[in-house]
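Sequential numbering from 5 applies to the sequence shown in my numbering. We put the beta carbon where it would ideally sit given N, CA and C, even for glycine.
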Amino acid sequence: MVRNGYRVRPTGLTTRNAERMIFRIDDIQGRPRARIAAKDGPQALALFWRRRGRHILAESLPDPDPVATLRRNFAMARILPDTAELPLPEPVPARAATHPAPRRPRAPRPLRDEAETGQNDLFTSPLPAPPPKVEPPPPRRQVTHLDAETLQLARVHYRGLQASDPTDSYLYHITTNENAEAMLRDGVIMSRRHPLLLTERGGVPYWLSLLADDDDASEADIAVLRMKRFMIDDLVEDDPDSTRSSGSPSYFLTGNT
5 MVRNGYRVRP TGLTTRNAER MIFRIDDIQG RPRARIAAKD GPQALALFWR
55 RRGRHILAES LPDPDPVATL RRNFAMARIL PDTAELPLPE PVPARAATHP
105 APRRPRAPRP LRDEAETGQN DLFTSPLPAP PPKVEPPPPR RQVTHLDAET
155 LQLARVHYRG LQASDPTDSY LYHITTNENA EAMLRDGVIM SRRHPLLLTE
205 RGGVPYWLSL LADDDDASEA DIAVLRMKRF MIDDLVEDDP DSTRSSGSPS
255 YFLTGNT
């Protein structure tokens, strides 16, 4: 997502308590400016602008002179002779109440014969047939946890992956070694507030390149996991921002919760 010459991109990493995702803010030349933890891209960009505005305001404002401030307060509190209290306007005298002219009653309209109206008696007409009942669609599956065996969760040696690789029957997630070990041991927890970012096979090199540019992420601490697509095909939602930036379809694993 690019706004006002700054681009916000998710790094694929989360905070230690796994409540917020870490986003990276780059300028128009692609130079990193900040890393901010937020729930989504717009909030990360808003926090970045708030922090930048405070720095600019602090640098532009001079240090206040206490003596000049005190004199200005005294001058504002002093009442000058030609700024005395103005007299209140005189109240406008109330006008005499005028009584409206009496309204002439309308003459009742003559009743027309039923044969002249040309309308059928609605009470004697047969009732229309009720519309057919439409069965509601079945509710979407809601899942908050899936174990690693059900997802066929496994590590991937990402050095051989390329952006030109075709789509396969798996979806991929880039994370740290610590989070990967926890997911392989305890399974995957799904939440709309903290969804997992998934991508196709051809999108993995793009997210790895972002982590390579990050000074805090080392190559030894990066892990790539894959999971079966048909097990979570109805539990993911499209991520248009990540799809545009990476050039490969990206998704959020929410579990429909």
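Tell me, which residues are paired with residue i by DSSP?
i	result
Arg13	Arg28
Phe234	Bridge partners of Phe234: none, in fact.
Ser64	Answer is none; Ser64 lacks a bridge partner.
His149	Ile193
Leu202	Tyr255
Glu241	Phe256
Hey, residue i and residue j: beta-carbon distance below 8 Å or not?
i	j	result
Gly207	Ser173	no
Ile226	Leu214	no
Met194	Leu165	no
Thr247	Leu17	no
Leu49	Val12	yes
Leu175	Ile236	yes
Lys43	Gln156	no
Ser254	Leu202	yes
Arg28	Thr19	no
Arg39	Ile26	yes
Asp217	Pro70	no
Thr171	Arg205	yes
Leu229	Ala184	yes
Ala41	Arg55	no
Leu150	Val192	yes
In the DSSP assignment, the alpha helix (DSSP H) including residue i goes from what residue to what residue?
i	result
Tyr162	Note, Tyr162: premise wrong, no alpha helix (DSSP H); not H, not E.
Leu212	Val208 to Asp217
Asp245	Pro244 to Ser250
How would you label residue i, buried or exposed, when you count the other beta carbons within 10 angstroms and need 16 or more for buried?
i	result
Ala72	exposed
Ile32	exposed
Asp243	buried
Thr261	exposed
Ala158	exposed
Phe234	exposed
Gly45	buried
Arg7	exposed
Ser252	buried
Gly259	buried
Val138	exposed
Leu115	exposed
His161	exposed
Leu257	buried
Does the beta carbon of residue i come closer than 8 Å to any beta carbon on chain D?
i	result
Ile32	Going by chain labels, chain D is absent from the structure shown, which holds only one protein chain.
Which of helix, strand or coil does DSSP assign to residue i?
i	result
Arg54	helix
Thr180	strand
Leu229	strand
Leu175	strand
Val138	coil
Arg7	strand
Thr18	strand
Thr261	coil
Leu49	helix
Gly105	The sequence given here has Ala at residue 105, not Gly. Here Ala105 sits in coil by DSSP.
Pro143	coil
Leu74	helix
Glu23	coil
Leu128	A quick correction: the sequence has Thr, not Leu, at residue 128. In the structure shown, Thr128 sits in coil (DSSP, three-state: anything other than H, G, I, E or B).
Leu115	coil
Leu188	helix
Leu157	coil
What are the start and end residues of the beta strand (DSSP E) that includes residue i?
i	result
Arg37	Pro36 to Ala42
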